[in-house]
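*Asks:* Could you have a look at this structure, given as structure tokens, before my questions?
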Amino acid sequence: SLYILHGTPRKSVVATTSEHADMQAWHNLLGHLSERGMKVLQNENFIPSFDSLSLEFCVHCIMEKQKRVNFKRNESHRKLKSLELVYSDVCGPFNVKSLGGASYFVTFLDDFSRKCWIYPLASKDQVFETFKKFKTRVENEIEKTIKCLQTDNGGEFCSNDFDDFCARHGIRRVKTVSHTPQENGIIERMKQTIVERIRSMLSHSGLPKSFWAEAANTAV
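Per the working numbering, the sequence shown starts with residue 165, numbered consecutively.
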């Protein structure tokens, strides 16, 4: 298990072997695979066996694999009745417009039931009018009123008209800190799920990307 060196040494050649160095080399060779992944490959005899699979600190893994994590919560704050808290967020723009000319979609999610509603939009400035239509529809269906609306600080949610409308109808506004999607994690995860299903359905069906709005409605 020594390294073979080719060349003309000046005086002597010192060849050493290091199990830790070999393991690090395999980590690099496998595209900076995690320790867990290397253990799986080792158990399946796809890589040599090492007494210990403890990798050195890898700055490349730390810098290139970072992602935002959820804020830890000690207790659940899920509401006990429908429409006590509604989350909303906008997704887009999509690279391809839908058949109806939409480039975005806005989602509304009830915290209690986790029921979701989706509306394709041609532009973000349609969010306010869409919310008014959603409010009328959902309150008529459920026979309850929206108590609180939680959104990010996007301009489509922060206009004076939007705030005044909510104030007139007794809807409390909760706006998350800028650039902190973790605070709106429930609707962010739902939005991610919808987009993943859109991609999967279009890929499976072979339909062009312009059918994304139909796929989104089907997913929801």
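The C-beta atom is built at its ideal place from N, Cα and C for all residues, glycine as well.
Check each candidate in T340, D289 and F276 and name the one with the smallest Cα separation from I310.
*Replies:* Selected option, being the one with the closest Cα: F276.
*Asks:* For K297, which of helix, strand or coil comes out of DSSP?
*Replies:* If DSSP states are grouped into helix, strand and coil, K297 belongs with the helices.
*Asks:* Looking only at its own chain, which residues have a Cβ that is under 6 Å from the Cβ of L219, when we skip the five neighbours before and after it?
*Replies:* These residues qualify, in order along the chain: H191 and E199.
*Asks:* Along the alpha helix (DSSP H) that carries T309, what are the first and last residues, could you check?
*Replies:* Counting along the chain, T309 falls outside any alpha helix (DSSP H), and DSSP gives it neither H nor E.
*Asks:* So what does DSSP say about D328, is it helix, strand or coil?
*Replies:* Three-state DSSP puts D328 in a helix.
*Asks:* Kindly indicate the opening and closing residues of the beta strand (DSSP E) around L205.
*Replies:* Note, L205: premise wrong, no beta strand (DSSP E); alpha helix (DSSP H) at E199 to N207.
*Asks:* Any idea what DSSP makes of K217, helix, strand or coil?
*Replies:* Inspection of the sequence shows that residue 217 is occupied by Leu rather than by Lys. Residue state, collapsed to three classes: coil.
*Asks:* How should F295 be labelled, buried or exposed, when 16 other C-beta atoms within 10 angstroms of its C-beta is the threshold for buried?
*Replies:* Buried, since its Cβ has 16 or more Cβ neighbours within 10 Å.
*Asks:* DSSP three-state label for T357, please.
*Replies:* Helix.
*Asks:* Tell me, to the nearest whole angstrom, how far the beta carbon of D289 is from that of E320; I am working on the premise that it is less than 8 Å.
*Replies:* Between E320 and D289 the Cβ distance is about 7 Å, and since that is below 8 Å, they are a contact.
*Asks:* How big is the Cα-Cα spacing for S374 and V254?
*Replies:* Whole-angstrom Cα-Cα distance: 18 Å.
*Asks:* Are the Cβ atoms of I282 and F292 separated by less than 7 Å?
*Replies:* Not closer than 7 Å, so no.
*Asks:* Would you call the region 296-315 and the region 335-344 touching, i.e. three or more CB-CB distances under 8 Å?
*Replies:* Counting Cβ pairs under 8 Å, three or more are found: they touch.
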